[in-house]
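Positions in the sequence shown are counted from 1; adding 158 to them yields this note's numbering. Even for Gly, the Cβ is constructed at its ideal location relative to N, Cα and C. Please read these numbers as outputs of a predicted model, since none were measured by experiment.
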Amino acid sequence: MSPLRVLARSATQECIVVGSVNKAVYANLSTQTVKQVDLGFPGHAFIRHPKYPSRYLTTQKWGANAAVVDFETETVMKIDAGKENWFYGHGHYIEEKDAFYLARVSLETGKGYYAAYDPETYKPGEAFQVTPGGLHDCHRMADKTLAIASSGVRAEKYSDPNKGMRIAKSSIVFVDIAGKGNVVRELTIDDPWQMIGHFQVTKTGKIIALTCPQKQLDNYNMRTADHNNSGYVYFSSDGKQSLKVMDWGHDLQTQIKGVILSIALNDDHTRAAVTNPLVGNIVLLDVVNEKVLKSINAPFKGVVWDDSLKGYLGTDRQLVWISPDFDKMTRLPIESAAGFQNPHSIIETV
159 MSPLRVLARS ATQECIVVGS VNKAVYANLS TQTVKQVDLG FPGHAFIRHP
209 KYPSRYLTTQ KWGANAAVVD FETETVMKID AGKENWFYGH GHYIEEKDAF
259 YLARVSLETG KGYYAAYDPE TYKPGEAFQV TPGGLHDCHR MADKTLAIAS
309 SGVRAEKYSD PNKGMRIAKS SIVFVDIAGK GNVVRELTID DPWQMIGHFQ
359 VTKTGKIIAL TCPQKQLDNY NMRTADHNNS GYVYFSSDGK QSLKVMDWGH
409 DLQTQIKGVI LSIALNDDHT RAAVTNPLVG NIVLLDVVNE KVLKSINAPF
459 KGVVWDDSLK GYLGTDRQLV WISPDFDKMT RLPIESAAGF QNPHSIIETV
């Protein structure tokens, strides 16, 4: 049965939320309809509002912009980073403090902060200084700490960390976000060329971290460079043990170039799909045994898992359903003028 027939028979509606170019895109997979709202900046990650289901907070990857987009009213409310700060891409709603916490960097010092914003007024509150460099992705752990990816780099002109100065090892930092914002522990990687950008946490607490090689020079060509030009996947067995790099295998190693960008866990968290958009690979991983199962050629930036469809959705200019074992791909006939190009597409069931 085709993926869309499965959705048509479902009692609920499946929707995907994604940023693409300067628009926020809300696609109803069940009715095959799309809403597009102009943000005025490229939205990177989306956080659903806990009280208003049609509202999503989104931030720029490296820049001064963040906003709340309401897909019901198709309106946008901008959030001010302040003249001395930039947003860095991700955030999380912290229930204990009834606040959004967003990754932010000080333009004066380059230090990374997690800063609170009121969910009604969106005015800034407390800010925890977490690392001496930039922060990015974040996930809540079972012990209620907030795990945050640190590049270990202080970016030049506070933009692309690929061109910045390394001041620490790249790491996952665990913060007592519901308390005083203290750093509880840190898991580092030893490779000085690699930066953790995105990661996921399984139901058992295992961490799967994706990296990007840091470009040291202007005009560094990630496609043809002959040294340290590959991103990697790292595992921590329980979120406390050290991060260990996974072996791509020789044949796949020669194909991987640049950032390993997006990750999606399947329904039981035994497998994960990761994207390598520079050369157009998507790779299926065995999460339990920490090894590669299959690689296929596909130009996806983002990937998500959909429970109703029992498969992955690759997001780029179009939406493509990918079977759980990577044996089949089906293009979905849902069109968006902006495309579906953000690496952090999210699925909602309504």
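Same chain, Cβ closer than 7 angstroms to residue i, five either side skipped, listed in chain order
{"i": "L375", "result": "Residue placement at L375 is flagged as unreliable, the pLDDT there being 48, under the threshold of 50; the coordinate-derived value follows with that caveat. Closer than 7 angstroms at the Cβ level, and outside the excluded window around L375, lies no residue."}
{"i": "D509", "result": "Since the first and last residues shown for the chain are 159 and 508, residue 509 lies out of range."}
{"i": "Q411", "result": "S388"}
{"i": "L265", "result": "E242, N243, W244, Y316"}
{"i": "T233", "result": "none"}
{"i": "A273", "result": "Y259, L260, R262, P282, A285"}
Check whether residue i and residue j have beta carbons under 9 angstroms apart
{"i": "D396", "j": "H356", "result": "no"}
{"i": "A261", "j": "G247", "result": "yes"}
{"i": "F484", "j": "I440", "result": "yes"}
{"i": "P435", "j": "Q190", "result": "no"}
{"i": "Q194", "j": "S503", "result": "no"}
{"i": "Y251", "j": "D228", "result": "no"}
{"i": "D256", "j": "P277", "result": "yes"}
{"i": "L215", "j": "Y275", "result": "yes"}
{"i": "P501", "j": "R429", "result": "no"}
{"i": "G249", "j": "I205", "result": "yes"}
{"i": "D196", "j": "K219", "result": "no"}
{"i": "M404", "j": "V331", "result": "no"}
{"i": "L467", "j": "K452", "result": "no"}
{"i": "L419", "j": "K459", "result": "yes"}
{"i": "K338", "j": "G310", "result": "no"}
{"i": "A305", "j": "M299", "result": "yes"}
{"i": "I505", "j": "E172", "result": "yes"}
Cβ-based neighbour list, residue i, same chain, cut-off 6 angstroms, excluding 5 preceding and 5 following
{"i": "A422", "result": "A431, V461, V462, W463, Y470"}
{"i": "G268", "result": "R312"}
{"i": "A239", "result": "A222, F245"}
{"i": "E230", "result": "S212"}
{"i": "C370", "result": "M353, G355, G389, V417"}
{"i": "V183", "result": "V176, Q194, S494, A496"}
{"i": "K236", "result": "A225"}
{"i": "N455", "result": "G438"}
Per DSSP, cross-strand counterpart(s) of residue i
{"i": "T233", "result": "D228"}
{"i": "Y275", "result": "F258, P282"}
{"i": "I330", "result": "A307, L345"}
{"i": "A300", "result": "Looking at the DSSP assignment, A300 forms no beta bridge with any residue, so it has no partner."}
{"i": "W479", "result": "L471, T488"}
{"i": "V288", "result": "Beta-bridge pairing links V288 to no other residue."}
{"i": "Q358", "result": "I366"}
{"i": "M323", "result": "R312"}
{"i": "I418", "result": "Per DSSP, none; premise fails for I418."}
{"i": "L423", "result": "A430"}
{"i": "G270", "result": "V263, T289"}
{"i": "F393", "result": "I366, K402"}
Cβ-based neighbour list, residue i, same chain, cut-off 8 angstroms, excluding 5 preceding and 5 following
{"i": "T360", "result": "I366, L423, H427, V445"}
{"i": "V437", "result": "R381, Q413, I414, K415, G416"}
{"i": "F199", "result": "N180, Q218, G221, N223, A225"}
{"i": "D425", "result": "W463, D465, K468"}
{"i": "F498", "result": "I174, V176, S178, V183, A185, G460, T473, D474, R475, Q476, L477"}
Residue i (DSSP reduced to helix, strand or coil)
{"i": "H385", "result": "Note that H385 has pLDDT 49, beneath the 50 cutoff, so the model's placement of it is unreliable and the number below is only indicative. In the structure shown, H385 sits in coil (DSSP, three-state: anything other than H, G, I, E or B)."}
{"i": "K449", "result": "strand"}
{"i": "P161", "result": "helix"}
{"i": "Q352", "result": "strand"}
{"i": "L375", "result": "With a pLDDT of 48 at L375, under the threshold of 50, the modelled position of this residue cannot be trusted, and the question is left open."}
{"i": "Q411", "result": "helix"}
{"i": "T242", "result": "At residue 242 the sequence reads Glu, which differs from the Thr that was named. DSSP places E242 in coil when its eight states are reduced to three."}
{"i": "E172", "result": "strand"}
{"i": "E506", "result": "strand"}
{"i": "K398", "result": "coil"}
{"i": "K181", "result": "strand"}
{"i": "K468", "result": "coil"}
{"i": "K459", "result": "coil"}
{"i": "K193", "result": "strand"}
is_contact[residue i, chain B] using C-beta, thresh 9 angstroms
{"i": "Y272", "result": "Annotation note: the requested chain B is absent from the structure, which comprises a single protein chain."}
Closer than 8 angstroms: residue i CB and nearest the ligand COA heavy atom
{"i": "G270", "result": "Annotation note on the ligand COA: not contained in the displayed structure, which lists no ligands."}
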